[in-house]
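In our numbering, the protein residues as written are 1032 to 1179.
Comments concern the structure below.
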Amino acid sequence: MAGAAPGKSSKQLGWEHFPHAADVGLRGFGPTPERAFEQAALALTAVVTDAEVAPTTRVEVSRDAPDLELLFVEWLNAIIYEMAVRGMLFGKFSVRIVGLHLDGELWGEAVDPARHAPACEPKGATYTALRVAEGPARLWSAACVVDV
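Shown next, in the form of structure tokens:
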């Protein structure tokens, strides 16, 4: 499964899932690490539901890590934590990275089982297939496997 941001070329901004045993790999793409992290967050939501998620409630998260790849895992795990403790799904994301500090905003709504029909509950982002890097044409990607 793959997705692209509305009004953007899929080569500039987007996400995809990749197969991995019983878990799921996800990858976000963008012109900066921040945009790649945001797209990967959309891929995370798409693991749970195909339904539209209304951006009615904003949640702020902050994380630090010793490198960009570990910061990516921290970002995804912050989203998974907020999903679990708040009973929410998120469909809009904003990331700011300064050095190795991330400030993020998540917008979403309470899970509605009838409308969202959640397929699974992610348990955590892992270090498996973890890679955050700038590739050809200055396109960043951020990827890892998520335990579901």
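Each residue gets a CB set at the ideal place from its N, CA and C atoms; glycine is no exception.
This structure is a prediction, so every number in the text was calculated from the model and none was measured.
When the options are compared against residue i, the one with the closest alpha-carbon
i     : options                       : result
G1061 : T1159, D1178 and W1171        : W1171
T1159 : P1149, H1147 and A1173        : A1173
V1142 : L1044, D1081 and V1179        : D1081
H1132 : P1050, D1098, A1164 and E1165 : D1098
V1179 : D1134, L1057 and L1044        : L1057
Neighbour-count burial assignment, residue i, 16 or more Cβ in a 10 Å radius
i     : result
V1055 : buried
C1175 : buried
A1148 : exposed
R1066 : buried
R1127 : exposed
R1146 : exposed
T1088 : exposed
G1118 : exposed
A1072 : buried
Check whether residue i and residue j have beta carbons under 8 Å apart
i     : j     : result
A1096 : E1083 : no
R1162 : E1100 : yes
V1184 : V1177 : A query on residue 1184 cannot be resolved here, the shown segment of the chain reaching from 1032 to 1179 and no further.
P1086 : W1138 : yes
A1052 : N1108 : no
P1064 : I1111 : no
E1113 : V1090 : yes
Residues bridged to residue i (per DSSP)
i     : result
E1152 : According to DSSP, E1152 bridges with nothing at all.
D1178 : G1155
F1068 : The partner list for F1068 (beta bridge, DSSP) is empty, contrary to what the question assumes.
R1162 : A1174
Which residue spans inside the segment 1089 to 1144 form an unbroken beta strand (DSSP E) run of at least 3? The qualifying runs are 1119 to 1129 and 1132 to 1141.
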